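S.K.:
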Amino acid sequence: MANNARAANDRPCPDCGSTAAADREVEEYVLEDGTQRRMTFCTTCADEDADGTLRYAVIAEEFVRTEIDRAMAGDSRTG
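By the working numbering, the letter at position 43 of the sequence shown is numbered 102, and the numbering carries on one by one without gaps.
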């Protein structure tokens, strides 16, 4: 995911066009099926709803599954 992270850092925000690292937040977690997920958000153009929920523009969304995870799930793209 490191190469994709660099690519995400080079992308401008689709809403405000910012490319500054200070305007970005990255969230990483693992889904139940073992898939790693990374979301890169723009914090400059975050909107707050009436209930206090913050909504961010997504700059990049990345998923990584290992070959073992794909084989266990029956994915035909395993090597």
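All C-beta atoms in this analysis are idealised placements derived from N, C-alpha and C, irrespective of residue type, glycine included. The model shown is predicted, which means the values in this text are computed figures rather than measured ones.
By DSSP, does ALA80 sit in helix, in strand, or in coil?
M.R.: Helix.
S.K.: Sort MET98, ILE118 and GLU87 by Cα distance to PRO71 and report the nearest one.
M.R.: The option with the nearest alpha carbon to PRO71 is ILE118.
S.K.: At a threshold of 7 angstroms, does GLU120 count as lining the ligand ZN (C-beta to nearest heavy atom)?
M.R.: For the structure depicted, the ligand ZN is absent and the ligand set is empty, with no information on it obtainable.
S.K.: Sorted by chain position, which residues of the same chain lie with C-beta nearer than 7 angstroms to ASP74's C-beta, five sequence neighbours on each side aside?
M.R.: The answer, listed in chain order, is CYS101, CYS104 and ALA116.
S.K.: Could you round the C-beta distance between THR99 and VAL123 to whole angstroms and report it? I think they count as a contact, below 8 angstroms.
M.R.: No, THR99 and VAL123 are not in contact; Cβ-Cβ is about 14 angstroms, not under 8 angstroms.
S.K.: Is the beta carbon of GLU84 less than 8 angstroms from the beta carbon of ARG97?
M.R.: Their beta carbons are not under 8 angstroms apart, which means GLU84 does not touch ARG97 by this criterion.
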